[in-house]
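Notes follow the structure.
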Amino acid sequence: MATEIVMPQMGESIVEGTITKWLKKPGDKIQRDEPLFEISTDKVDAEIPAPASGVLQEIKVAEGTTVQVNTVVGTISSDGDGAAVKTAPATEKKAAPAPPPPKAEAPAAKPQAAPPSAAPAHEEDEHARSSPLVRKIAREHNVELSQVEGTGLGGRITKQDILAFIENQGAPVRGETGVSVQPTGAPSMSSAPAARQGGGFEVPSAPAAAEFPGDLVSMSRMRQLIAKHMIESRRTSAHVHCMFEVDLTRIVNLRNKLKSSFEQRNGARLTFMPFFVRAAIIALQQFPIVNASVEGESIRYHRNVNVGIAVALDWGLIVPVLKNADELNFLGLQRGITDLGERARGKKLKPEEVEGSTFTITNPGQFGAVFGLPIINQPNSAIMGVGGITKMPLVVTDRDGADSIAIRSVVHLTLGYDHRLIDGAVADQFMAFVKKTLEGWSEDVG
Numbered sequence: 186m187a188t189e190i191v192m193p194q195m196g197e198s199i200v201e202g203t204i205t206k207w208l209k210k211p212g213d214k215i216q217r218d219e220p221l222f223e224i225s226t227d228k229v230d231a232e233i234p235a236p237a238s239g240v241l242q243e244i245k246v247a248e249g250t251t252v253q254v255n256t257v258v259g260t261i262s263s264d265g266d267g268a269a270v271k272t273a274p275a276t277e278k279k280a281a282p283a284p285p286p287p288k289a290e291a292p293a294a295k296p297q298a299a300p301p302s303a304a305p306a307h308e309e310d311e312h313a314r315s316s317p318l319v320r321k322i323a324r325e326h327n328v329e330l331s332q333v334e335g336t337g338l339g340g341r342i343t344k345q346d347i348l349a350f351i352e353n354q355g356a357p358v359r360g361e362t363g364v365s366v367q368p369t370g371a372p373s374m375s376s377a378p379a380a381r382q383g384g385g386f387e388v389p390s391a392p393a394a395a396e397f398p399g400d401l402v403s404m405s406r407m408r409q410l411i412a413k414h415m416i417e418s419r420r421t422s423a424h425v426h427c428m429f430e431v432d433l434t435r436i437v438n439l440r441n442k443l444k445s446s447f448e449q450r451n452g453a454r455l456t457f458m459p460f461f462v463r464a465a466i467i468a469l470q471q472f473p474i475v476n477a478s479v480e481g482e483s484i485r486y487h488r489n490v491n492v493g494i495a496v497a498l499d500w501g502l503i504v505p506v507l508k509n510a511d512e513l514n515f516l517g518l519q520r521g522i523t524d525l526g527e528r529a530r531g532k533k534l535k536p537e538e539v540e541g542s543t544f545t546i547t548n549p550g551q552f553g554a555v556f557g558l559p560i561i562n563q564p565n566s567a568i569m570g571v572g573g574i575t576k577m578p579l580v581v582t583d584r585d586g587a588d589s590i591a592i593r594s595v596v597h598l599t600l601g602y603d604h605r606l607i608d609g610a611v612a613d614q615f616m617a618f619v620k621k622t623l624e625g626w627s628e629d630v631g
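Counted the way this note's numbering counts, the sequence shown spans residues 186 to 631.
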């Protein structure tokens, strides 16, 4: 008996999905609920589990193909039923048959240099198992593709496979310009001061090595959606930005003092992001227009504060939402932020977890940016950008009015807002309130 694998409906408004990667090849054994393939929809990227245990018998829909929900994309056969395995026609290629052995009387024939099992794969077979880019990299590094194990569909060798093979062999990977390329992505920036100080999520490694000059590469489904949403936001909202410099020394010292005991007591790391989220929540309660949305010619004032927190992924950007954040204490904010970030990177988010934000926070500072001018996340009316936390000299005034220069930990916060709804004076008052809350922090952090 065969079990059909269908494109799931990831939310009521989702009508189609794109298969971005098959995690198993035809013929592989599968356990029920084991991740089987990855999809991308208008709302979220996700790993889809196997509906049954058995053997992946057939892949009907190739990677990169968009289909309607409930479309059968493959089948799983029960263990040991001996069914033949198949790959989607769009990607199914067969290696050319091996050439006949040379005739004995042919003087130009040369003897085999190695037994057949050790001979490199035939050129047509290599073409069927790899892309032109992969073959180009292999030629540049004198790599026999027959030595490389492919993890792509039907054993296809991907760029990541060839780069990983070269890295493991100790050979430097170089592009046409001679500049060294990191095979599996640049080192994580999470160890840099700005990265450690910037926010609530671990900084992902840079994406895999850039494509070579001259390559034409199709946009991923996520990149297409990001492009569409950014253009729509620019066309919809009248974007204006204001920036505030905030002395974060008090919070930096508090975090340094409490981070060890906080983690031991609560089982969660103490990051800076919940401080920014909490300060924004308090300000949003004072200035509800910043937490509102435009609906036609009306204004929707939201009852709760649902904070969207942008997460940078190796393959794009996603904004999971911390629902009813105004009802959470500091520890609840930290746990919620950490949980959403981890599940975003693991493609475990549900569609409803990336919907319904009323205000968004993004953190370019984790990569070392001093500040950013973020685009509003529709249908929000404002987005706050958090810059990197750096030490710099500031003029400090004591209680007696005396000025002095001191080394302080400073962050630059930017508010991008929709001028159709929020006046400049209100935006400045909102950010001044955020600044005051952070600089005079007095809440218990749990």
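The beta-carbon is built from N, C-alpha and C at its ideal position, and this holds for glycine as well.
(message) Looking at the secondary structure, which residues open and close the alpha helix (DSSP H) in which M186 lies?
(response) Looking at the DSSP string, M186 is not in any alpha helix (DSSP H), and its letter there is neither H nor E.
(request) Please look up how many angstroms separate the CB atoms of E624 and R435, rounded, as I've assumed it's under 8 Å. (result) 6 Å
(message) Taking 8 Å as the limit between beta carbons, can you name the residues of its chain near D511, skipping five residues before and five after?
(response) I466, L469, Q470, N489 and V490
(request) Could you tell me the distance, in whole angstroms, from the CA atom of F457 to the CA atom of E223? (result) 32 Å
(request) State the Cα-Cα distance for the pair G501 and T256, rounded to the nearest angstrom. (result) 26 Å
(request) Under 6 Å Cβ to Cβ from E232, same chain only, skipping five residues before and after it: list those, please. (result) P220, E223 and K532
(request) Whole angstroms is fine: what's the gap from V475's alpha carbon to P398's? (result) 44 Å
(request) Taking only runs that begin and end inside the segment 189-273, name each unbroken beta strand (DSSP E) of 3 or more residues, in chain order. (result) 201-207, 220-225, 230-234, 239-244, 251-253 and 257-262
(request) Could you check what DSSP says for G553 in three-state terms: helix, strand or coil? (result) coil
(message) If I follow the unbroken beta strand (DSSP E) through I561, where does it start and stop?
(response) Note, I561: premise wrong, no beta strand (DSSP E); not H, not E.
(message) Please give the ranges of any alpha helix (DSSP H) in the segment 444-531, keeping only runs that are unbroken, at least 4 residues long and fully inside the region.
(response) 458-471 and 515-530
(message) Cutting at 6 Å between CB atoms, please list the residues of its own chain near F171, excluding the five before and the five after it.
(response) Because the chain here runs from 186 to 631, residue 171 falls outside it and cannot be looked at.
(message) Check whether the segment 568-585 and the segment 545-555 touch, using three or more Cβ-Cβ pairs below 8 Å as the test.
(response) yes
(message) I'd like the list of long-range same chain contacts for L507, defined as Cβ closer than 6 Å, with 5 residues on each side in sequence excluded.
(response) V492 and G521
(request) Keeping to the same chain, check which residues put their C-beta closer than 6 Å to that of A464; ignore five residues upstream and five downstream. (result) V619, T622 and L623
(message) Relative to the C-alpha of F461, which candidate in V539, V240 and L518 has its C-alpha closest?
(response) L518
(message) Using only CA atoms, which one of H597, T582 and L525 lies nearest to A591?
(response) T582
(request) Go ahead and label R454 buried or exposed: buried means 16 or more other beta carbons lie within 10 angstroms of its beta carbon, across all protein chains shown. (result) exposed
(request) Tell me where the alpha helix (DSSP H) around D613 begins and ends. (result) G609 to E624
(request) Check each candidate in E248, G239 and K321 and name the one with the smallest Cα separation from D400. (result) K321
(request) Specify, as a first and last residue, the run of the alpha helix (DSSP H) that R419 falls within. (result) R406 to T421
(request) Could you please give me the residues that DSSP links to H151 through a beta bridge? (result) Residue 151 is absent from the model: the chain starts at 186 and stops at 631.
(message) Here's the rule I'm using: 16 or more other beta-carbon atoms within 10 Å means buried, otherwise exposed. How should N327 be labelled?
(response) exposed
(message) Please report the distance separating the alpha-carbon of E329 from that of I199.
(response) 44 Å
(message) Let me confirm a value: Q242 is counted as buried when at least 16 other C-beta atoms fall within 10 Å, else exposed. Which label applies?
(response) buried
(request) Could you tell me how far apart the beta carbons of I261 and I215 are, in whole angstroms, since I believe they sit closer than 8 Å? (result) 6 Å
(request) Could you tell me which residues DSSP puts in a beta bridge with T582? (result) D588
(message) Applying the 10 Å Cβ sphere with the 16-neighbour rule, what's the burial state of P578?
(response) exposed
(message) Output needed for S627: all residues of its chain with C-beta closer than 7 Å, excluding positions within five of it in sequence on either side, in chain order.
(response) none
(message) Taking its Cβ as the centre, do 16 or more other Cβ atoms sit within 10 Å of L558, making it buried, or is it exposed?
(response) exposed
(message) Would A477 and S566 qualify as a contact pair, given that the criterion is a beta-carbon distance under 7 Å?
(response) yes
(request) Please name the residue in S225, S263 and N353 whose C-alpha comes closest to that of S405. (result) S225
(request) Measure how close the beta-carbons of S594 and V437 come, nearest whole angstrom, since I'm counting them as under 8 Å. (result) 4 Å
(request) Express the C-alpha separation of V596 and A587 in angstroms, rounding to a whole number. (result) 24 Å
(message) Can you tell me whether K295 is buried or exposed? The criterion is at least 16 other CB atoms within 10 Å of its CB, across all chains shown.
(response) Its pLDDT being 41, under 50, K295 is placed unreliably in this model, and the coordinates cannot settle the point.
(message) Just verifying my parser: in three-state terms, what is the DSSP assignment at D432?
(response) strand
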